[in-house]
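First up is the structure itself, then whatever we jot down about it.
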Ligand SMILES: [Zn+2]
Ligand SMILES: [Zn+2]
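Dropping the structure here:
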């Protein structure tokens with residue numbers, strides 16, 4: 001009988017220690033950038049009342065109609081249907097309303113990070129559990145807010161060292177101008193229905209805007225000749241979009257207009273944008289995607305509140321960093337190992353351990369009865385840079401041998417100087 005070997009569930013992954021420096025670097029840079037721009041961190045639940053997604057994202061979207069994970073408990077007596085979050089915005093809006101954040105001084109700027117869940121067909125670069133950094137600004141209807149979110153994403157990617165990026169932007173109008181445009185769009189598509197993929201033939205009825213961003217060649221050909229939202233914006237939407245672009249110009253953010261960019265979710269209004277690598281012409285590996293969603297807070301039961309936000313796909317971001325050869329800084333592992341010989345040395349070793357730990361040195365010490373050679377070997381094995389060696393003689397003289405495990409050179413120091421000496425050496429080699 002073979003043993004059962006368990007595997008990760010389809011579409012999920014382990015992020016092993018060797019991969020972690022990328023994730024740690026992203027977290028650190030994103031946090032520093034966003035806190036520095038006045039955003040506050042919020043932690044949101046991983047599951048919510050499924051209604052906020054059905055209502056907020058739209059029942060006809062792929063995310064809700066095909067990709068939601070519903071939760072089932074043992075008793076099944078829950079009166080609300082729960083779903084794992086497929087994205088973060090609806091939960092952030094729910095929290096803004098529930099916690100009365102509209103009575104705080106506006107705008108309210110929030111960011112969060114964590115796992116999202118979608119039951120997608122796993123293919124290259126797509127996971128059923130994936131990670132995002134999400135950013136939202138509530139209570140600011142000016143183009144300044146659109147600019148600030150785009151700029152903050154641009155800034156994070158730049159600080160991580162990514163090059164060759166471009167923002168694609170579009171405006172999808174407001175409830176005043178969009179219905180008229182959609183009517184025009186449907187009129188145009190009516191004569192092309194035979195040339196569309198089956199998905200698009202369905203979209204024609206339920207979500208005509210999404211006809212524009214179908215990735216099928218035949219559909220893209222038709223989309224090229226379609227009337228654009230940009231030519232059909234009302235005066236307010238037009239001004240808002242122009243102002244947003246002026247801000248981007250001012251900050252030297254590289255952008256291009258893409259009239260086929262509509263984003264997959266129902267809640268967007270006005271500005272929508274994506275950030276991709278310039279070589280990614282079809283926007284197949286979008287790193288950042290977002291936009292304005294002025295109607296969502298009211299739709300989910302709050303007061304009418306303008307809002308704008310985005311999310312960064314972290315798997316895509318790690319992929320882009322690797323592709324561009326960006327190496328994250330090494331995280332600090334074991335820096336010093338204490339090796340001792342004999343009872344007296346063992347006593348002193350504990351004191352040296354405390355001194356080094358207090359000096360913020362990463363020190364590893366497990367008393368051992370082995371000889372010095374095998375102890376040096378195991379110190380090198382766990383990745384220590386230095387070994388502090390205390391034998392019977394050193395213990396009597398209040399001295400310590402400091403051994404560089406890379407070069408195998410060693411020197412004797414008075415035990416009171418050892419922390420200072422190690423600190424100086426660690427700063428110099430920046431390991
Ligand atoms: Zn409008
Ligand atoms: Zn299509």
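Numbering (my numbering), first residue to last: 1 to 431.
In this text, a Cβ means the ideal position worked out from N, Cα and C, and glycines have one as well.
It should be emphasised that the depicted structure is a prediction, and the values quoted were computed from it without experimental measurement.
Q: Classify residue 369 as helix, strand or coil using the three-state DSSP reduction.
A: The residue you call residue 369 lines up with position 369 of the chain shown. In the three-state reduction of the DSSP assignment, residue 369 falls in the coil class.
Q) How about residue 146 and residue 305: are their beta carbons less than 8 Å apart? A) Indexing the chain shown from 1 puts residue 146 at position 146. Indexing the chain shown from 1 puts residue 305 at position 305. No.
(Q) For residue 341, count the other beta carbons within 10 Å of its own beta carbon; 16 or more makes it buried, fewer makes it exposed. Which is it? (A) Within the chain shown, the letter at position 341 stands for residue 341. Flag for residue 341 reads buried.
(Q) Quick check on the DSSP output: the alpha helix (DSSP H) that includes residue 218 runs from which residue to which? (A) By 1-based counting over the chain shown, the position of residue 218 is 218. Here the alpha helix (DSSP H) through residue 218 covers 217 to 224.
Q.
Can you tell me where the alpha helix (DSSP H) holding residue 89 begins and where it ends?
A. Along the chain shown, one-based indexing puts residue 89 at 89. Unbroken alpha helix (DSSP H) run through residue 89: 89 to 98.
Q. How about residue 410: is its C-beta nearer than 8 Å to some C-beta of chain B?
A. Protein chains in the displayed structure number just one, and chain B is not present.
Q: Please name the residue or residues paired with residue 108 in a DSSP beta bridge.
A: Reading the chain shown from its first residue, position 108 is the one you call residue 108. Paired residue(s): 138.
Q) Taking residue 372 as the reference, which of 391, 354, 381 has the closest Cα? A) On the chain shown, position 372 is the one that residue 372 refers to. For residue 372, the nearest C-alpha among the options comes from 391.
Q: For residue 101, collect the residues of the same chain with a Cβ closer than 6 Å to its Cβ; drop the 5 residues on either side in sequence, then sort them by chain order.
A: Translated into the one-based positions of the chain shown, residue 101 becomes position 101. Hits under 6 Å: 108.
Q: To the nearest angstrom, report how far apart residue 283 and residue 374 are at their CA atoms.
A: Translated into the one-based positions of the chain shown, residue 283 becomes position 283. Translated into the one-based positions of the chain shown, residue 374 becomes position 374. Whole-angstrom Cα-Cα distance: 55 Å.
Q. Taking the continuous beta strand (DSSP E) assigned at residue 28, which residues delimit it?
A. For the purposes of this step, residue 28 is taken as the residue at position 28 of the chain shown. First-last for residue 28: 20 to 36, but that is the alpha helix (DSSP H), not the beta strand (DSSP E).
Q | Three-state class that DSSP yields for residue 115 in the structure shown | A | Against the chain shown, residue 115 aligns to sequence position 115. Strand at residue 115.
**Q.** Three-state secondary structure (DSSP) of residue 177
**A.** Here residue 177 refers to the residue found at position 177 when the chain shown is read from its first residue. Looking at residue 177 - three-state DSSP - the assignment turns out to be coil, as it is neither helix nor strand.
Q | Reduced DSSP category for residue 123 - H, G, I as helix; E, B as strand; rest coil | A | As a working mapping, residue 123 is identified with position 123 in the chain shown. The three-state secondary structure of residue 123, taken from DSSP, is coil.
Q) Across which residues does DSSP place residue 272 in a beta bridge pair? A) Within the chain shown, the letter at position 272 stands for residue 272. Beta-bridge pairing links residue 272 to 170, 291.
(Q) Please report the distance separating the alpha-carbon of residue 250 from that of residue 324. (A) The residue labelled residue 250 in the question sits at position 250 within the chain shown. The residue labelled residue 324 in the question sits at position 324 within the chain shown. The alpha-carbon atoms of residue 250 and residue 324 are separated by roughly 27 Å.
Q) Is the number of C-beta pairs between the segment 118 to 137 and the segment 297 to 316 that are closer than 8 Å three or more? A) Yes: at least three Cβ pairs fall under 8 Å.
Q) For the beta strand (DSSP E) that residue 387 lies in, which residues bound it at each end? A) Against the chain shown, residue 387 aligns to sequence position 387. Residue 387: member of the beta strand (DSSP E) spanning 386 to 390, first to last residue.
(Q) Can you list, in chain order, the residues of its chain with a C-beta nearer than 7 Å to that of residue 14? Leave out the 5 residues immediately preceding and following it. (A) The count along the chain shown starts at 1 and reaches residue 14 at position 14. Result list for residue 14: 8, in chain order.
Q | Other residues of its chain near residue 49: CB distance less than 6 Å, five sequence neighbours each side excluded | A | What you label residue 49 is simply residue 49 of the chain shown in a count that begins at 1. Exclusion of the five residues before and after residue 49 leaves 80 as the residues of its chain whose Cβ lies within less than 6 Å of its Cβ.
Q | Proximity of residue 139 and residue 90 at Cβ, strictly below 8 Å | A | If you number the chain shown from 1, residue 139 lands on position 139. If you number the chain shown from 1, residue 90 lands on position 90. No, the Cβ-Cβ distance between residue 139 and residue 90 is not below 8 Å.
Q | residue 310, enclosing beta strand (DSSP E) - first and last residue | A | Stepping through the chain shown from its first residue, residue 310 is reached at position 310. Counting along the chain, the unbroken beta strand (DSSP E) around residue 310 starts and ends at 307 to 313.
Q: Please indicate yes or no: does the CB of residue 196 lie closer than 7 Å to some heavy atom of ligand 2?
A: The residue given as residue 196 occupies position 196 in the chain shown. Relative to ligand 2, the nearest heavy atom lies less than 7 Å away from the CB of residue 196.
Q: Quick one: give me the first and last residue of the alpha helix (DSSP H) that residue 53 is part of.
A: Within the chain shown, residue 53 is the residue found at index 53, counting from 1. That run of the alpha helix (DSSP H) goes 51 to 57.
Q: Quick one: residues with CB closer than 5 Å to any heavy atom of ligand 1, in chain order, please.
A: Counting only residues whose CB is nearer than 5 Å to a non-hydrogen atom of ligand 1, the list in chain order is 173, 174, 176, 177, 234, 237.
(Q) Taking 7 Å as the cut-off, is the beta-carbon of residue 199 closer than that to any non-hydrogen atom of ligand 2? (A) Along the chain shown, one-based indexing puts residue 199 at 199. Within the cutoff, so yes.
Q.
Judging by CA-CA distance, which residue of 292, 273, 252 is the nearest neighbour of residue 267?
A. Here residue 267 is taken as the residue at index 267 of the chain shown, counted from 1. When each option's Cα is compared against that of residue 267, the closest is 292.
Q. How about residue 367 and residue 25: are their beta carbons less than 8 Å apart?
A. Locating residue 367 in the chain shown gives position 367, counting from the first residue. Locating residue 25 in the chain shown gives position 25, counting from the first residue. In this structure, residue 25 does not lie closer than 8 Å to residue 367 by Cβ.
Q | Identity of the residues DSSP links to residue 360 by a beta bridge | A | Here the question's residue 360 lines up with position 360 in the chain shown. By DSSP's assignment, residue 360 forms no beta bridge with any residue.
Q: Count the other C-beta atoms from every protein chain shown that fall within 10 angstroms of the C-beta of residue 86, then say buried if there are 16 or more, exposed otherwise.
A: Position 86 of the chain shown, counting from 1, holds the residue named residue 86. Under this definition residue 86 is a buried residue.
**Q.** Contact belief for residue 386 with residue 398 at Cβ below 8 Å, rounded distance in angstroms
**A.** Taking the chain shown and counting its residues from 1, the one referred to as residue 386 is at position 386. Taking the chain shown and counting its residues from 1, the one referred to as residue 398 is at position 398. The C-beta distance from residue 386 to residue 398 rounds to 19 Å, too long to fall under 8 Å, and the pair is not in contact.
Q: List in chain order: all unbroken beta strand (DSSP E) runs of 3+ residues lying wholly within the segment 200 to 259.
A: Segments of the beta strand (DSSP E) lying fully in the segment 200 to 259: 255 to 257.
Q. Are the beta-carbon atoms belonging to residue 136 and residue 33 less than 8 Å from one another?
A. By 1-based counting over the chain shown, the position of residue 136 is 136. By 1-based counting over the chain shown, the position of residue 33 is 33. Against a cut-off of 8 Å, the Cβ pair of residue 33 and residue 136 comes out as no contact.
Q | Burial state of residue 18, where buried means 16 or more other Cβ atoms lie within 10 Å | A | One-based indexing of the chain shown puts residue 18 at position 18. By the C-beta density criterion, residue 18 is exposed, having fewer than 16 other C-beta atoms within 10 angstroms.
Q: Identify the continuous alpha helix (DSSP H) that holds residue 156 and give its terminal residues.
A: Along the chain shown, read from residue 1 onward, the residue named residue 156 stands at position 156. Start and end: 143 to 159.
Q | residue 144 versus residue 331 - alpha carbon distance | A | What you label residue 144 is simply residue 144 of the chain shown in a count that begins at 1. What you label residue 331 is simply residue 331 of the chain shown in a count that begins at 1. A direct Cα-to-Cα measurement between residue 144 and residue 331 gives close to 37 Å.
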